[in-house]
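See below for the structure under consideration.
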Amino acid sequence: MPNPDDNSRRHHHHQHHHSDTEIIGLGRDGDKSSYSGPLSGPLNRKGSGGGKKSARVSLPTDISTTAADAASSGDDYVEITLDVRGDSMAVHSVKAAGGGELQDPELTLLARGLERKSSFARNASLKIRQVSQEIKRLASFTLRPPPQRRLDRSKSAAAQALKGLKFISNTDGGAGWAGVEKRFDELTSTTNGLLPRSLFCECIGMNKESKEFALELFDTLARKRNISGDLITKVQLKDFWDQIADQSFDSRLQTFFDMVDKDANGQITEDEVREIISLSASANRLSNIQQQADEYARLIMEELDPNERGYIMIENLEMLLLQGLAQPLGRAGESRNLSKMLSEKLKPTQDHVLKRWYRDFQYFLLDNWQRVWVMALWIAVMVALFACKYLQYKKRAVFGVMGHCVCVAKGAAETLKLNMALILLPVCRNTITWLRNKTRLGVVVPFDDNLNFHKVIAMAIAVGVAIHGISHLTCDFPRLLNSSPKKYEPMKPFFGNHPTSYWYFVKGWEGVTGIVMVVLMAIAFTLASPLLRRNKVNIPKPLNKLAGFNAFWYSHHLFIIVYTLLIVHGVKLYLTHEWYKQTTWMYLAVPITLYAGERLIRACRSSIKAVKILKVAVYPGNVLSLHMSKPQGFKYKSGQYVFVNCAAVSPFEWHPFSITSAPMDDYISVHIRTLGDWTRQLKVVFSEVCQRPPTGKSGLLGADCLQGENNPNLPKVLIDGPYGAPTQDYKDYDVVLLVGLGIGATPMISVVKDIVNNIKAMEEEEKALEEGGNNHLSDSLMPKRKMGSGSVRQNFRTTRAYFYWVTREQGWFDWFKGVMNEVADMDHTGVIEMHNYCTSVYEEGDARSTLIAMLQSINLAKNGVDIVSGTKVKSHFAKPDWRNVYKRIALNHPDSRVGVFYCGAPKPVTELKQLASYFSHKTSTKFEFHKENF
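In terms of the UniProt record's numbering, the sequence shown opens at residue 1 and continues consecutively.
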């Protein structure tokens, strides 16, 4: 007998919604049923406001309620209460006849599957018959897999996953609707207020890569509402948007399930899984996954359909989502209290504005004291030279004719001499590398900023040239021309007879050399600007040759002419004839000699240290990898770089590239991305010589058998170096944070490989010591032994490394796939923590990346390979949250010095540097930031 409470509830609804009941009885054999006849009353009337119906079925004992419920109910019936409104039907509840909750998940899911729109042209009893038949079909199964337990959503990991599966990035649907409505009005201005299906993606704010995904979402929402055709109104779009923006996980799950379940039968087949994988891969620009959609569809079916029924249900999808998307808490859970305390400490305080400025100024000095004292010294020297020369000429006779103008011109000239000498020093790379490696000057001198200082000096030169030239051309020379014969008389020893035209001053040595220098420097300055040097300006042919690295490189070599003219200009001075007072050559002698010696060393060293090409590979993203033999005596540190020359491209051009091999490797490797004229031509030259790879393999790998005398056509490559770079100092820190953007990962890869090699060496060293000697040490340790630098453990300080590699495309992971796998295999002690980020994939929790995350979780667990990177290292989606990265390191390493090393595009530098300063002052962990830009 039905539960009295249920009867009273149904009676109550009958009064308001005209509820009726249909009883369907199934014997234990499932072959007999009773039917009460057609339903009567208002339910069968057109325009009925809706109602609630209840169907009761008897099930076999093996799939009925629990023993306790069966004992209390005394029969084998279950009761399904349906809400019927208009042309829709929804399951209100599924209970045992005795009133207890039904424990059979498969039957519950079937009931959920019945919540889909349908036409009520026929009477409601037909619909109830369909329910009956479906339930009887379900009950006919005698051998079924045991019901899967529902995942406990109260667990913190599952609770975190419940935040996922979002169809829009902004979760505030109300605020988001205003933007959607505005775009709707713009897009439908010519379509009479009807939005075409093709514009749905743009209207809801998805980008063009997600168009196919958005169209599938449109079809799903329209199918659920029995909307036919490709046009919708604003009211229908608002209905769509409300479902998309619904924050209920069950609602989002159902929407996603409906996207996959195209035939709306409550079951997902392998073909439907394959299609949604292809859509998700396309939206996230994951071409490799798109090509392997068949394989990954089979993988999901194997995981969720072990009994090979040929379909999966919504509960399977829910379980996989909550388990696969839940982020493991790991040790972070153990330090939750510490994290909370740190968060409280990091909250901004409301201080007085003056106090805040004073504190910020203190922080600035603490973070930049090296730069501050160098800049202060440089500016002080310039001011002293200017003042000295100004006062000197104020006491001379020429002051009576030319006045303060000549003093200003000569003061600016003196600073120009200094800066024209200093500007060469930051580009004396051999000297800087020697000072960095062999002295302790790096503690007080910011060698990492050598190129920035070079640019600052160049700007000071531009200012000095302007002051010097304007003072002479617009003030001194006109004063001389317009002076009276009496005033001019003291000037005759310097300028000769009284000039009658302005041309007199211009045509002399001083005028010609000065004007030519200004023109040449203007050309070099202009072509060195970032917009032209990086070829970011569209210039029509043939003027487009003025943009790019080649134009920058050749124009910079005009300095040879400029320095020659500068010396001539300094000798042919109007007002100074004594050689010992002509100080231009004195300023320039040492820097020019030093720079010329460096260029001579490069020419000799590169020709002596010849290299052979061992392997050539071309990877996705237009990256050329060269593996070369290591010259005799070539020693370098991880993070350093070399200059590369290829005569087949240009006999004069040398370009710097970070070394990607480790010091213990028996070869040198560089990875070169084709971004400019020279690199593009280098790739063409090697591609013409090397053999194509077998189908399905990345890279041009035929060069390893085309080396040396066997292939005279192989381009000759020269290298010069190594040269110092910021990343080489990573061994000064116990903990390092390595950040590489795109091809900027190259110096970090060398560091990671070096750490792995040192781990190997320490393991071998410990093994040898255990066996009672050093006879078992491998050859890789011999160089360290010969250098007399002690044991590997004594020389290797780094105990923890965090490597973050951020890429824009999936194929870029192929560049260093081997290194990633080697780290995963060799780093048993967890020294290196690797994080790969693919920014083309939507953030974790976005519906467009949900299936990718599910596949990733399954494949990692089953095969140990990440489907995005193709390595054993799990990939993350979108961009890293750098604040959380710093916060986690500060929690894990209190009272430590952390070296932060960045290489890549300039954009993230400001954020990374500010966070390093912020956490250094707010926590006991001190972050020291170093960067390389390209």
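Ideal Cβ placement from N, Cα and C applies to all residues, glycine included.
Note that the coordinates shown come from a computational prediction; the quantities given were computed from them, not determined experimentally.
Gln632 versus Val644 - alpha carbon distance:
Position 632 of the sequence shown holds residue 632. Position 644 of the sequence shown holds residue 644. Distance between the alpha carbons of Gln632 and Val644: 17 angstroms.
> How would you write the range of the alpha helix (DSSP H) that Lys874 sits in, first residue to last?
Replying inline: Looking up residue 874 in the sequence shown gives position 874. Lys874 -> no alpha helix (DSSP H), and no H or E assigned at all.
ask   = Of all the options Glu270, Gly548 and Trp177, which has the alpha carbon lying nearest to the alpha carbon of Asn535?
value = Translated into positions along the sequence shown, residue 535 becomes position 535. Asn535 has its Cα closest to that of Gly548, out of Glu270, Gly548 and Trp177.
Subject >> Three-way DSSP call (helix, strand, coil) for Phe652 in this model >> reply: For the purposes of this step, residue 652 is taken as residue 652 along the sequence shown, with counting starting at 1. Of the three classes helix, strand and coil, the one that applies to Phe652 here is coil, per DSSP.
For Val398, name the three-state secondary structure that DSSP assigns.
Numbered from 1 along the sequence shown, position 398 holds the residue referred to as residue 398. DSSP places Val398 in coil when its eight states are reduced to three.
>> Considering only their Cβ atoms, is the gap separating Ser278 from Gln213 smaller than 8 angstroms?
In response: Here residue 213 refers to the residue found at position 213 when the sequence shown is read from its first residue. Here residue 278 refers to the residue found at position 278 when the sequence shown is read from its first residue. Per the sequence shown, residue 213 should be read as Phe rather than Gln. It is not a contact, given that the beta carbons lie outside the stated cut-off.
I'd like to check one pair, Phe505 with Gly496: are the Cβ atoms closer than 8 angstroms?
Counted from its first residue, the sequence shown places residue 496 at position 496. Counted from its first residue, the sequence shown places residue 505 at position 505. No; because the gap between Cβ atoms is not below 8 angstroms, this pair is not in contact.
*Would you kindly report the start and end of the unbroken beta strand (DSSP E) that includes Ala462?*
Translated into positions along the sequence shown, residue 462 becomes position 462. Not the beta strand (DSSP E): Ala462 falls in the alpha helix (DSSP H), residues Asn450 to Ser471.
Exercise. Rank Ala458, Tyr390, Lys394 and His404 by C-alpha distance to the C-alpha of Cys475 and give the top, closest one.
Key: As a first step, residue 475 must be located in the sequence shown, where it is residue number 475. It is His404 whose Cα lies nearest to the Cα of Cys475.
Since I believe Met402 is in contact with Asp480 (beta carbons under 8 angstroms), could you give me their beta-carbon distance rounded to a whole number of angstroms?
Within the sequence shown, residue 480 is the residue found at index 480, counting from 1. Within the sequence shown, residue 402 is the residue found at index 402, counting from 1. Inspection of the sequence shows that residue 480 is occupied by Leu rather than by Asp. That pair is a contact at about 7 angstroms.
*asked:* Am I right that His671 and Thr746 are in contact with their C-beta atoms under 8 angstroms? What's the rounded C-beta distance?
replied: Residue 671 sits at position 671 when you count from the first residue of the sequence shown. Residue 746 sits at position 746 when you count from the first residue of the sequence shown. The pair is a contact, with the Cβ atoms about 5 angstroms apart (cut-off 8 angstroms).
Note to self: Judging by CA-CA distance, which residue of Lys234, Pro493 and Phe218 is the nearest neighbour of Ser189?
What the structure shows: Translated into the one-based positions of the sequence shown, residue 189 becomes position 189. It is Lys234 whose Cα lies nearest to the Cα of Ser189.
**Study point:** Rounded C-alpha distance that separates Pro485 from Pro493
**Key:** If you number the sequence shown from 1, residue 485 lands on position 485. If you number the sequence shown from 1, residue 493 lands on position 493. C-alpha separation (whole angstroms): 14 angstroms.
Given that a residue counts as buried once 16 or more other Cβ atoms are within 10 Å of its Cβ, and exposed if not, what is Glu765? The count along the sequence shown starts at 1 and reaches residue 765 at position 765. With 16 or more other Cβ atoms within 10 Å, it is buried.
Requested in this report: Give me the Cα-Cα distance between Ala725 and Val806, rounded to the nearest whole angstrom.
Outcome: Locating residue 725 in the sequence shown gives position 725, where the first residue counts as 1. Locating residue 806 in the sequence shown gives position 806, where the first residue counts as 1. Those two C-alpha atoms are separated by around 21 angstroms.
Exercise for review: Report all residues from its chain with a CB closer than 6 angstroms to the CB of Glu688; omit the five preceding and five following residues, and keep chain order.
Suggested key: Locating residue 688 in the sequence shown gives position 688, counting from the first residue. The answer is none, since no qualifying residue turns up.
Segment contact, 8 angstroms Cβ cut-off, at least three pairs: the stretch 802-821 with the stretch 728-743: yes
>> Here's the rule I'm using: 16 or more other beta-carbon atoms within 10 Å means buried, otherwise exposed. How should Gly721 be labelled?
In response: Within the sequence shown, residue 721 is the residue found at index 721, counting from 1. Answer is buried; the Cβ neighbour count reaches 16.
### Query
Rounded to a whole number of angstroms, what is the C-alpha to C-alpha distance between Lys507 and Ala466?
As a position in the sequence shown, residue 507 is number 507, starting the count at 1. As a position in the sequence shown, residue 466 is number 466, starting the count at 1. Between Lys507 and Ala466, the C-alpha separation is close to 20 angstroms.
Contact between the stretch 427-445 and the stretch 406-417 is defined here as three or more beta-carbon pairs at a separation below 8 angstroms; is this criterion met? no
Notebook entry, point to check: Within 10 angstroms of its Cβ, does Ala121 collect 16 or more other Cβ (buried), or is it exposed?
Noted result: Looking up residue 121 in the sequence shown gives position 121. Confidence at Ala121 is low in this model, with a pLDDT of 39, below 50, so the placement of that residue should be treated as unreliable; the coordinate-derived value is given next. Exposed, because fewer than 16 other Cβ atoms sit within 10 Å of the Cβ of Ala121.
Trp805 - containing beta strand (DSSP E), residue span: On the sequence shown, position 805 is the one that residue 805 refers to. First-last of the beta strand (DSSP E) with Trp805: Arg800 to Thr807.
Please check the pair Leu626 and Ser669, which I expect to be a contact at CB under 8 angstroms, by giving their CB distance rounded to whole angstroms.
-> Numbered from 1 along the sequence shown, position 626 holds the residue referred to as residue 626. Numbered from 1 along the sequence shown, position 669 holds the residue referred to as residue 669. Right, their Cβ atoms sit about 7 angstroms apart.
Q | Extent of the continuous beta strand (DSSP E) run through Asn836 | A | The residue you call residue 836 lines up with position 836 of the sequence shown. Ile832 to Cys838 is the span of the beta strand (DSSP E), which, as asked, contains Asn836.
**Request:** Can you tell me the Cβ-Cβ gap for Lys731 and Arg797, rounded? I've got them flagged as a contact below 8 angstroms.
**Result:** Residue 731 sits at position 731 when you count from the first residue of the sequence shown. Residue 797 sits at position 797 when you count from the first residue of the sequence shown. With 8 angstroms as the limit, Lys731 and Arg797 qualify as a contact, their Cβ atoms being about 5 angstroms apart.
**Validate contact between the stretch 909-927 and the stretch 748-757 using beta carbons, cut 8 angstroms, 3 pairs** = no
### Query
Roughly how many angstroms lie between the CA atoms of Asp449 and Glu932, to the nearest whole one?
Here the question's residue 449 lines up with position 449 in the sequence shown. Here the question's residue 932 lines up with position 932 in the sequence shown. The alpha-carbon atoms of Asp449 and Glu932 are separated by roughly 9 angstroms.
Exercise for the section: Rank Val260, Gly621, Asp734 and Arg309 by C-alpha distance to the C-alpha of Lys683 and give the top, closest one. Expected result: Here the question's residue 683 lines up with position 683 in the sequence shown. Measuring from the Cα of Lys683, the nearest candidate turns out to be Gly621.
Next on the checklist: Check whether the stretch 845-852 and the stretch 263-271 are in contact - that is, three or more C-beta pairs closer than 8 angstroms.
Outcome noted: no
- request: Taking 8 angstroms as the threshold, find out whether the stretch 294-314 comes into contact with the stretch 232-249 through three or more Cβ pairs.
  value: no
- Separation of Val868 from Leu286, as counted between CA atoms: Here residue 286 is taken as the residue at index 286 of the sequence shown, counted from 1. Here residue 868 is taken as the residue at index 868 of the sequence shown, counted from 1. The alpha-carbon atoms of Leu286 and Val868 are separated by roughly 7 angstroms.
Cβ-based burial, Gly333 [other Cβ within 10 Å; buried from 16]:
Translated into positions along the sequence shown, residue 333 becomes position 333. Residue placement at Gly333 is flagged as unreliable, the pLDDT there being 46, under the threshold of 50; the coordinate-derived value follows with that caveat. Per the 10 Å Cβ criterion, exposed.
Notebook entry, point to check: Which residues in the same chain as Val685 place their Cβ atom closer than 8 angstroms to its Cβ, once the five residues preceding and following it in sequence are excluded?
Noted result: Working through the sequence shown from its first residue, we reach residue 685 at position 685. Counting only Cβ-Cβ distances below 8 angstroms, and skipping sequence neighbours, we find Cys646, Ala648, Val649 and Pro715.
> Does DSSP put residue 982 in a helix, in a strand, or in coil?
Replying inline: Nothing about residue 982 can be reported from this structure: the residues present for the chain run from 1 to 934 only.
- Message: Here's the rule I'm using: 16 or more other beta-carbon atoms within 10 Å means buried, otherwise exposed. How should Ala208 be labelled?
- Response: The residue you call residue 208 lines up with position 208 of the sequence shown. It is worth fixing the name first, because residue 208 is Lys in this sequence and not Ala. Lys208 comes out exposed.
Using only the alpha-carbon positions, how far apart do His855 and Glu272 sit?
Against the sequence shown, residue 855 aligns to sequence position 855. Against the sequence shown, residue 272 aligns to sequence position 272. Checking the sequence shown, residue 855 turns out to be Leu, not His. Approximately 15 angstroms between the Cα atoms of the pair.
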